[in-house]
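2 protein chains.
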Amino acid sequence: MERICCTIQYDGTNYSGYQIQTNGRTVQEQIEKALTKMHKGTPIRIIASGRTDAGVHAMGQVVHFDSSIIIEEHQWKKALQTLLPADIYISHVEKVASDFHAQHQTTGKEYRYYVFNGKEPDIFKRHIRYHVPYNLDMKAIKKACTYIEGTHDFTSFCSMKTHLKGDKVRTITYASCEKIENEIIFTFRGDGFLYNMVRILVGTLLDIGQGNNPPEIIEEMIDAKDRRRAGKTAPPQGLFLWKVDYN
Amino acid sequence: MERICCTIQYDGTNYSGYQIQTNGRTVQEQIEKALTKMHKGTPIRIIASGRTDAGVHAMGQVVHFDSSIIIEEHQWKKALQTLLPADIYISHVEKVASDFHAQHQTTGKEYRYYVFNGKEPDIFKRHIRYHVPYNLDMKAIKKACTYIEGTHDFTSFCSMKTHLKGDKVRTITYASCEKIENEIIFTFRGDGFLYNMVRILVGTLLDIGQGNNPPEIIEEMIDAKDRRRAGKTAPPQGLFLWKVDYN
């Protein structure tokens, strides 16, 4: 048996999310189906770094699985891709140590959130950008980002639908926002993210960018430890799981 | 009655083409359905500058129709948009003379064809770019474009499935190809285009770009007046009806 680690991209538009569920098409199901076919019907289970929600995309999701098939890494990439739909792409395949674990060994993740900030919508980007037609105060948003960085209890920025039992303290090592032409790109790096955390952060930052709240309100929101104090959850289509880190 | 002219954008991915047909969802059907709703059930027929095929997009398709509703142009834009799906966008509405005709009065059209020329595919562009992973000789393609410009019988660049009865002489006033980072953009302007003409031109130019044929072969192909002499038809997803001209 060999343990195989794959870096994958997916367009989440036509998926009910990453993780297998009773109803709806999922990314995990498509990959496991392809692997099971490669293994002549023997069911293969994959483990991902974490799940993503319906409509959320990935540029660098990481999964691992064990296989009895002994082929080269580039052959894995090709063989698996042939069996996958056009909205999932295997960007990298690597043979890893038998104790590598795509979920338990992550040391950090990067998420990006893309806003299309044109006055008129761009219908060709509607599945991969959140359209915000109003002007945004980039200086205020950038300042607000500095209050996000650091180790905080992010209870206010976690969906109340979470099943998490542990604490909600996370370390955000980098939070930024850049405007390039009509696009606004939010980048967040940290040791872990709570359920809907990036989307709630973006919803809150967009409120600040509209002048509804001052940048400093982020501090108050963090202190409040109350989801109702933060902004609304930005829609899924702007969100990309960009990169997963391992030691 | 007032004659209304609309400039529309559509993402052709989920359409069987522009024109109403017995099977499949079409752009014309969606717009007529919206207009019929606005007119409380009175069927409204729209006339477009021309049709586009399944999977082909539009940035500047033009349609006209007559209406008994008397509202301002910006109100038309808003009211109609509310009733349309997210993959059709009304970019401009104008009241026009009662003898304006979106099809008969066109004086020219511009089409663009977009190629994504990265080594690895970009799954997020799969519906709006044709992925060509190999290197292309841009100088050869640019030279070949010069042979396309002018007034020629384009029989070799017209699908044999055409129902056209008239001649196949068309004047191409501009044919160009530019590479910007990983994107290759073909632009064609002319007084009219035959069935699949742009897609056959692009397929032929990509062959030249790969070194399979010299640029001068365009002249021979035009002279041959035989569809079998030109290259293959490039796929629909890279093609955009960009602009329609009227005097």
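Respectively, the protein sequence lines represent chains A and B.
Numbering (this note's numbering) for the first sequence: 306 to 552.
Numbering (this note's numbering) for the second sequence: 306 to 552.
All residues carry an ideal CB built from backbone N, CA and C; glycine is no exception.
Residue-level contact to chain A via CB, residue i, 8 Å cutoff
i        : result
B:Asn490 : The question names Asn, but residue 490 of chain B is Ile in the sequence shown. So, not an interface residue.
B:Glu425 : yes
B:Ile313 : no
B:Ala391 : yes
B:Ile433 : yes
B:Ile428 : yes
B:Asp358 : no
Within 8 Å, strictly: CB atoms of residue i and residue j
i        : j        : result
B:Glu399 : B:Glu377 : no
B:Ser300 : B:Ile309 : Outside the displayed range of chain B (306 to 552) lies residue 300 of chain B, so it cannot be described from this structure.
B:Ile553 : A:Asp392 : This structure leaves residue 553 of chain B out entirely; chain B is present only between 306 and 552.
B:Ala339 : B:Tyr418 : no
A:Gly543 : A:Tyr435 : yes
B:Pro390 : B:Gln335 : yes
A:Val368 : A:Ala402 : no
B:Ile490 : B:Glu483 : yes
A:His397 : A:Thr341 : no
B:Asp531 : B:Thr412 : no
A:Pro541 : A:Gly360 : yes
B:Tyr479 : B:Thr492 : yes
A:Asn487 : A:Asn422 : yes
A:Tyr315 : A:Ala363 : yes
A:Glu337 : A:Arg350 : yes
A:Ala445 : A:Ile523 : no
A:His432 : A:Thr318 : yes
B:Phe462 : B:Leu506 : yes
B:His344 : B:Ile375 : no
B:Gly516 : B:Asp442 : yes
B:Arg475 : B:Gly497 : yes
Environment of residue i [buried if 16+ CB atoms lie within 10 Å]
i        : result
A:Asp472 : exposed
A:Arg330 : exposed
A:Glu415 : buried
B:Leu261 : In the structure as shown, chain B starts at 306 and stops at 552, and residue 261 of chain B therefore has no counterpart that could be examined.
B:Met306 : exposed
B:Leu546 : buried
B:His409 : exposed
B:Pro519 : exposed
A:Thr509 : buried
A:Val420 : buried
B:Tyr439 : exposed
A:Ile513 : buried
A:Lys470 : exposed
A:Gly346 : exposed
B:Gly455 : exposed
B:Lys383 : exposed
B:Thr460 : buried
Neighbour flag for residue i against chain B, beta carbons, 8 Å
i        : result
A:Ser396 : yes
A:Asp316 : yes
heavy atom of the ligand NAD below 7 Å from residue i C-beta
i        : result
B:Gly516 : Summarising the ligand content, the structure contains no ligands, and the ligand NAD is consequently not present.
Alpha helix (DSSP H) segment containing residue i, residue limits
i        : result
B:Tyr439 : Where B:Tyr439 is concerned, there is no enclosing alpha helix (DSSP H), given that its DSSP letter is neither H nor E.
B:Ala480 : Not the alpha helix (DSSP H): B:Ala480 falls in the beta strand (DSSP E), residues Val474 to Ile485.
A:Glu378 : Glu378 to Thr387
Delimiting residues of the beta strand (DSSP E) encompassing residue i
i        : result
B:Leu546 : Leu544 to Tyr551
B:Thr467 : Taken as a continuous stretch (DSSP letters only), B:Thr467 belongs to no beta strand (DSSP E), as it is neither H nor E.
B:Glu399 : Ile393 to Val401
B:His457 : Gly455 to Asp458
B:Arg417 : Thr411 to Phe421
Self-check item: Every unbroken beta strand (DSSP E) within the stretch 489-526 of chain A, with a cutoff of 3 residues, ordered by chain
Solution: Taking only runs of at least 3 residues, no beta strand (DSSP E) segment lies wholly in the stretch 489-526 of chain A.
Practice problem: Output the residue ranges of the alpha helix (DSSP H) runs that lie fully inside the stretch 309-364 of chain A and measure 4 residues or longer, sorted by chain position. | Solution: If only complete runs of 4 or more residues are kept, the stretch 309-364 of chain A shows the alpha helix (DSSP H) at 332-343, in order along the chain.
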